[in-house]
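Protein chains in written order, with our numbering: chain A, 399 to 581; chain B, 105 to 296.
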Amino acid sequence: MQDYEIVSLYWERAESAIMQTNIKYGRMLFTVSETVLNSRQDSEECVNDTYLAAWNKMPTDRPTYLGAYLTKIVRGIAIDRYRYAHSDKRGGADNVTAELDECVPSELSVEAQLEAGALRDAMNSFLAGLDGEKRVMFVKRYFYMQSVSEIAACMRLGESKVKTTLHRLRLALAEKLESEGLK
Amino acid sequence: MTDREKYKELLIDAVGEIDDSYVHEASVYKTRRLSVGARTFIATASSFAAVIFLSVIIGISFLNSYLNATLYDVLEKQSGTTVTQVGKAELSEPCLIWQLDGEEEYHIKSVSFAQYASVVKTLNAEQVNSTENEITKEPGIRVWLCSPDGTVITPYLKVAEGNVSYGAIFSYNAEVMPSFETVDAIRRLLKG
């Protein structure tokens, strides 16, 4: 079923919307959630929470890319759950958070307690300036939280190439944030 | 939670709010790049293909100089004593005689008995027994290989009675096309 058809089901408040969503995106959403949480049970709950959130958001939302839309929801829920649980398990979020340390200013001021909106805009602007391959690599790593080896395999690149590119992207992002007074 | 940790959380959250199109792009990304294994295979296959290609080119060039050459190619630029007629008494050793179409004179080059024999042995039974006449002769040139005892061998003529007299050699038409082996033997004879 096409994305717009599933979205229409949500708008029509048809319960089959959840079933169709699960058929098309259930596996992907579970994978994203499990990457963050490293827990099958928690991930399944996150996916169910995602369906509920989608049900509540549509209407009024009418996403063009339903998969991306749902992925953002499940990722947010999974990260919130991860933070709440503060599990000792090493999830994907730990590694990504550690890497992003390069983008954090050494001395934070009170003003640096930024609104997420400003950072989001800067991030979108940063991504818009990248070529497709680098942007995909960045999103796979820091949005989907895929491992370097997974990215290398998917993009048919060497792991060292991926690591090097990501390192340069983080430096470029830090520079971008600093230039916009966000760092 | 320290400010640094808080900032990193904000970054993580900001990544989570990027435009849907970027998320979609990454999820459907299909690289056009071949896998490492495929690239290795192609590189290896390309190397082999290049080697084979070069070998074929070199081989063809080499073979062309031999197999595709005709007696005309071999003898056209070959120098030799030029005469307008040949008498039996004038030959004390084997010689190769040839005449290009349109020329009145004949070119003569002395050869050793061994060289003479090397050409004769290339004229196999099939060749000398051919009944096809003008159709198969090599155009542009006529060739005879003569020995002092009166034998005349030519790629165009049977080794037969009537073909063994100097006095008659110029009146015979071609009977067979010289084989590659014959051409090659004459080439080596001239170089030797």
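Virtual Cβ for every residue (Gly too), placed ideally from N, Cα, C.
With fewer than 16 neighbouring CB atoms inside 10 Å of its own CB, I162/B falls in the exposed class. Along the segment 453–467 of chain A, the positions whose C-beta sits under 7 Å from a C-beta of chain B are P461, T462, Y463, G465, A466 and Y467, read in chain order.
Secondary-structure assignment with DSSP links H211/B through a beta bridge to T186/B and W202/B. Contact between F428/A and S441/A is confirmed by a C-beta separation of about 5 Å, below the 8 Å threshold. Only M553 and R554 from the segment 543–574 of chain A bring a Cβ to less than 7 Å from some Cβ of chain B.
In the three-state reduction of the DSSP assignment, I245/B falls in the strand class. Pairing R292/B with L555/A, the inter-Cα distance amounts to about 58 Å.
Nearest CB-CB separation between E129/B and chain A: below the 8 Å threshold. In the DSSP annotation of this structure, the continuous segment of the alpha helix (DSSP H) that includes T286/B starts and ends at F284 to K295.
The closest CA to that of V119/B, considering only I416/A, A466/A and N420/A, is found on A466/A. In the DSSP assignment, K561/A falls within the unbroken alpha helix (DSSP H) covering E557 to S577. Taking 8 Å as the threshold, the shortest C-beta distance from T135/B to chain A falls below it.
Using a 10 angstroms sphere on the CB of H565/A, the tally of other CB atoms stays under 16, which defines it as exposed.
In summary, P198/B is buried, with 16 or more beta-carbon neighbours lying within 10 Å of its beta-carbon over all protein chains present. The Cβ-Cβ distance between T469/A and V127/B falls below 8 Å. If you look at I122/B, you'll find it isn't in any alpha helix (DSSP H); DSSP assigns it neither H nor E. When only Cα atoms are considered, R246/B and A153/B end up about 43 Å apart. Classified as buried, T448/A has 16 or more neighbouring CB atoms from the shown chains inside 10 Å of its CB. Any Cβ of chain B closer than 8 Å to the Cβ of F541/A would place that residue at the interface, and such an atom is present. In the DSSP annotation of this structure, G527/A is not part of any alpha helix (DSSP H), being labelled neither H nor E. Within chain B, not a single residue places a beta-carbon under 7 Å from that of N436/A; the smallest gap is close to 16 Å. Between the segment 521–540 of chain A and the segment 567–576 of chain A there are three or more C-beta pairs closer than 8 Å, enough to call the two in contact. Straight across, the Cα-Cα distance linking V434/A with L580/A is about 26 Å. Y176/B has a beta carbon lying at 8 Å or more from every beta carbon in chain A.
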